[in-house]
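Undergrad:
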Amino acid sequence: MAFLPLLSICLPCNGNWYNIYDYLPKQVTIPYLRLRIVNYVNLHMLSNFATKVRFSCDIYTYHISSMLAAIKHVSLVVKSISSETIFESNCAINQHDEVLHSTINFDILIQGGSDEQITAEN
Numbered sequence: 131m132a133f134l135p136l137l138s139i140c141l142p143c144n145g146n147w148y149n150i151y152d153y154l155p156k157q158v159t160i161p162y163l164r165l166r167i168v169n170y171v172n173l174h175m176l177s178n179f180a181t182k183v184r185f186s187c188d189i190y191t192y193h194i195s196s197m198l199a200a201i202k203h204v205s206l207v208v209k210s211i212s213s214e215t216i217f218e219s220n221c222a223i224n225q226h227d228e229v230l231h232s233t234i235n236f237d238i239l240i241q242g243g244s245d246e247q248i249t250a251e252n
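Take the sequence shown: its letters are residues 131 to 252, numbered as in our numbering.
Structure, rendered in C-alpha cells:
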C-alpha cells in the first residue's frame, strides 16, 4: 500500500497528479460511497442469454472503523445476491492525507431466459 503526498492522487489514465478533492464530487460530505457500473456485456448462448456486469464501489472516509464497516456492508449486500453468480471481487484500500479511499470491484453474471421466450413476448 503506497501513501501519496499531501492530498494528491495519481490517476492511472495519464499519470498526472491531482488534488483528491478535484477527484471527489463537489459538495459531498465524507463518508461518501459511490456505486457505478463500469461495463457490461451480453452473452448469447444456444438456448439462453446472460449479461456480465462489472460494478465498482468507491468509499471515502476519515476513520478506518467507518471504512471497515462500509466494506463489510457492501460485501454482505453482494453476497446476498443469491439468484445471480458472482465471478470475482476484490478490494483495495489506500490513504491520501487524512482521507481513506477504498475501491471494491465485483463481476456479476445475470442469467436470463431463453431467446425464444423474449422474442415471443416482444
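All C-beta atoms, glycine included, are put in the ideal place defined by N, C-alpha and C.
Using CA coordinates, which residue listed in F217, L198 and Y190 is at the minimum distance from E228?
TA: The count along the sequence shown starts at 1 and reaches residue 228 at position 98. When only C-alpha atoms are compared, the closest one is Y190.
Undergrad: What does the alpha-carbon distance come out to for the pair E218 and H193?
TA: As a working mapping, residue 218 is identified with position 88 in the sequence shown. As a working mapping, residue 193 is identified with position 63 in the sequence shown. When only Cα atoms are considered, E218 and H193 end up about 27 angstroms apart.
Undergrad: For Y170 versus V183, is the C-beta distance shorter than 7 angstroms?
TA: For the purposes of this step, residue 170 is taken as residue 40 along the sequence shown, with counting starting at 1. For the purposes of this step, residue 183 is taken as residue 53 along the sequence shown, with counting starting at 1. Taking 7 angstroms as the Cβ cut-off, Y170 and V183 qualify as a contacting pair.
Undergrad: Counting only the same chain and skipping the five closest in sequence on each side, list residues whose C-beta sits under 7 angstroms from that of N172.
TA: Working through the sequence shown from its first residue, we reach residue 172 at position 42. Excluding positions up to five away in sequence, the list reads F179 and T181.
Undergrad: Could you pull out every residue in the same chain whose Cβ sits closer than 7 angstroms to the Cβ of L165, ignoring the five residues on either side in sequence?
TA: Counting from 1 along the sequence shown, the entry for residue 165 is found at position 35. Contacts found: F185 and C187.
Undergrad: Three-state secondary structure (DSSP) at S232?
TA: Locating residue 232 in the sequence shown gives position 102, where the first residue counts as 1. Note: S232 maps to strand in three-state DSSP.
Undergrad: Tell me whether H226 is buried or exposed, calling it buried when 16 or more other Cβ atoms sit within 10 Å of its Cβ.
TA: As a first step, residue 226 is located in the sequence shown; it is residue number 96 there, counting from the start. When all chains shown are included, H226 counts as buried.
Undergrad: Straight-line CA distance for H203 to N220?
TA: Here the question's residue 203 lines up with position 73 in the sequence shown. Here the question's residue 220 lines up with position 90 in the sequence shown. Roughly 15 angstroms separates the two Cα atoms.
Undergrad: Would you report the Cα separation of T256 and I160, rounded to the nearest angstrom?
TA: Because residue 256 is not part of the residues shown, which for the chain are 131 to 252, the question remains open.
Undergrad: Got a sec, what are the start and stop residues for the alpha helix (DSSP H) I194 sits in?
TA: Within the sequence shown, residue 194 is the residue found at index 64, counting from 1. Here the alpha helix (DSSP H) through I194 covers I194 to K209.
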